[in-house]
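A short write-up of the structure that comes next.
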Amino acid sequence: MKHYDVIVIGGGHAGAEAAAASARMGAATALISMSKASIGTMSCNPAIGGLGKGHLVREIGALDGIMGVAADRAGIQFRLLNRSKGPAVQGPRTQADRRLYKAAVQSLLAGQSGLDVVEGEVAELTMLSEGVVGGVVLADGAILTAAAVVLTAGTFLNGIIHIGDVRRSGGREGDAACTRLAAQLAELVLKRGRLKTGTPPRLDGRTIDWAGLERQPSDDVPVMMSFLHSKPIAPQITCGITHTNEQTHEIVRRNLDKSAMYGGFIEGVGPRYCPSIEDKVVRFADKASHQIFLEPEGLQDHTVYPNGISTSLPADVQLDYVRSIKGLETVTILQPGYAIEYDYFDPYELTSTMESKISRLYFAGQINGTTGYEEAAAQGLVAGANAAAAALGRNALHFGRADSYIGVMIDDLTHLGVTEPYRMFTSRAEFRLALRADNADQRLTGMGIAAGLISESRREGYVLKLTQLQEARELLHAQTATPQVLRDVGIAVSSDGPRRSLWHVLSMPEVTEGHIAALLPDFITFPAHIRRQCATDALYTPYLERQNAEVAALRRDEAVEIPADLNYSDLRGMSTELKCKLQRKRPRNLAEAARIEGVTPAALTLILAHVRSAARNNVAI
Ligand code: FAD
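According to my numbering, the sequence shown is numbered sequentially starting from 30.
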């Protein structure tokens, strides 16, 4: 029997980040996973980042997390998505060599002090007292106790793999499902459901006819996933691009009744925005073709991931439809695609620290109904840091919608719950002009330092960057120029305009660093990344001034606290259904109440009036 401050169950993306965060906080931490060798496995696509997801990776990095560092070590094709659009909606992404990614995660965990990695299956949670978790029992009978436990079991709880009408128990291809712990969790008072997701067949790259296919290279100027790196570490590769066609669609259509998803073999709900090839053929019947990216899974690996054709059709049908696609006419399938169905727990029941209704038991990752490595990792970081804070008697870490995509996700999950797998999009963030991937460190690293989550070297790097940024900003604000001076260096402004600070000048879209250097030669002495950051920050200044008013309104609403014992049944003019919902959810303030599904402005006015009148009369409510 051994005691830890924090035990993390699961070595996927949530578990790795949770364990690393907990240990960085100074908590004695154990990461228990079924197989040490599979820690950091990418169950589906070999890529990290993308739109919305790239923002999460940068925020994890800003809090000294490991995902971005591992992605940079394994990155074999860096691309900045939405490059032609504004920085707020650009998404850094890299394709990753699976083997290198796993190796990077395992080595980062091995180098983390205060962290033990334990191989074993957690068969049972133990309770310290009713409703308070106290540790775990492994399948071999070993007992580990802890002040807090983080559960990140991914798709493993009662996982069932489907290929056509063939179904078998499994956590993902090659791994056993976790049924004993699932059975215990089913006994607890936690709201549970079933979700599903799918993956495409894996192809042998040596049997692909690459010659006639369009190729997609890495970006000429790659943008890294971590703030700590400036250029790729691994060699860069190109992907292939091909398309489905009418024949492909006809084969899929003809066999729909054999698909696990369409043949009625699966009860769980799948991700709408990550459709299988069956979904695409049915839902977008008017489209004659769909794009497929052929992504090599590694530098020393012939496996190719055909991004865009996940499926749960029988293996022989998969071969048929894949071979109908240009370049894949004689392809060999190394592993058929499959769908997986698994238990999840409604995140609506979690607090914003990711603590469940069982005290000191935290949930993170796919078991909260999300999908994606980045979403899992971000939740892992929040759950791991908060489990450590609770175990060490420190203040909890809270993330808000105005400070991060992490905050947006946690807020969505805990206030709306999920009815289908949740993934991050930039459109989910109402303050996205402020929540950019480029400024994640400026938004979050200070908070991480205050919480004790940031290592000394990361802290030093951040303080240096902040100091340089501050100096550059002050210089740009201090120096002003008349319209004539600006026109002299080639900036098109009207000659009767006002004198402007160079910060203001830099915020003008057509102004370049070269213009600024001509006006202020000292600007060029700052490192390139500081100059770039100033340009982006300046560009957004006018918009942010407007957005700050909205953030202030949110903060005002957050400041209106709703007493924990408010009796919603006393509120007249509100539907019984809504009263029950509010009674159950118990929002802590007006802003939280506003985000609960079904809460209208009229309902908010009722709550506000009730809270104010009670405060005026100083009566219990
Ligand atoms: P996982 O990565 O699943 O890790 C779970 C970990 O828990 C594993 O290490 C496992 O060994 C461990 N574990 C489980 N139970 C126990 C136990 N009792 N004791 C000890 N250890 C335990 N995401 C997308 O974004 N897009 C997709 O298209 C997509 N498709 C997918 C298709 C498939 C078939 C699968 C399996 C996943 C797919 N995903 C997809 C999801 C993505 O893989 C997950 O979102 C992500 O891996 C979740 O991370 P996690 O840490 O929550 O869980």
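Just so it is clear, CB atoms sit at the ideal spot from N, CA and C, and this is done for glycine as well.
Three-state class that DSSP yields for residue i in the structure shown
i	result
V146	strand
Q364	strand
I306	helix
V281	helix
I338	coil
L257	coil
S388	strand
L219	coil
F313	coil
A263	coil
E275	helix
Q395	helix
H191	strand
G78	strand
L379	coil
C207	strand
R201	strand
S158	strand
G477	helix
Y451	strand
V437	helix
L180	strand
A649	For A649, the predicted model reports a pLDDT of 46, less than 50, meaning its position is unreliable; a value from the coordinates is still stated below. If DSSP states are grouped into helix, strand and coil, A649 belongs with coil.
Residue i to residue j span [Cα, whole Å]
i	j	result
H226	S433	The sequence shown places Thr at residue 226, rather than the His named in the question. Their backbone Cα atoms lie some 27 Å apart in a straight line.
I190	M290	11 Å
E243	G79	21 Å
A638	V589	11 Å
R461	T361	44 Å
K494	E621	34 Å
T443	V628	15 Å
V437	R472	14 Å
S385	A215	14 Å
D194	S288	7 Å
E503	E370	55 Å
H42	V86	11 Å
Y391	A139	23 Å
A643	L600	12 Å
P630	A76	41 Å
I650	P616	For I650, the pLDDT reaches just 41, beneath the cut-off of 50, and the residue's location in the model is therefore unreliable, leaving the point undetermined.
L379	G297	21 Å
E88	A212	35 Å
Y651	A368	With the chain covering only 30 through 650, there is no way to say anything about residue 651.
S62	G55	21 Å
Residue(s) in a DSSP beta bridge with residue i
i	result
N618	E590
K31	L173
P121	L109
K225	E370
C268	Q245
S530	T509
E153	V166
P325	V333
T58	V35 and L144
R231	Q364
Q320	H272
Residue j beta carbon less than 7 Å from that of residue i
i	j	result
Y280	V178	Correcting the residue type first, residue 280 is Ile in the shown sequence and not Tyr. Going by C-beta atoms, I280 is not nearer than 7 Å to V178.
K114	E403	no
G39	L410	no
V252	L109	yes
V134	G69	yes
A425	A412	no
L535	I545	yes
E159	K65	no
L219	C268	no
T474	K355	no
E587	N618	yes
T565	D470	no
P229	I338	yes
L548	V518	yes
F374	R584	no
T509	S530	yes
D372	L186	yes
L92	L515	no
L129	A103	yes
V333	G203	no
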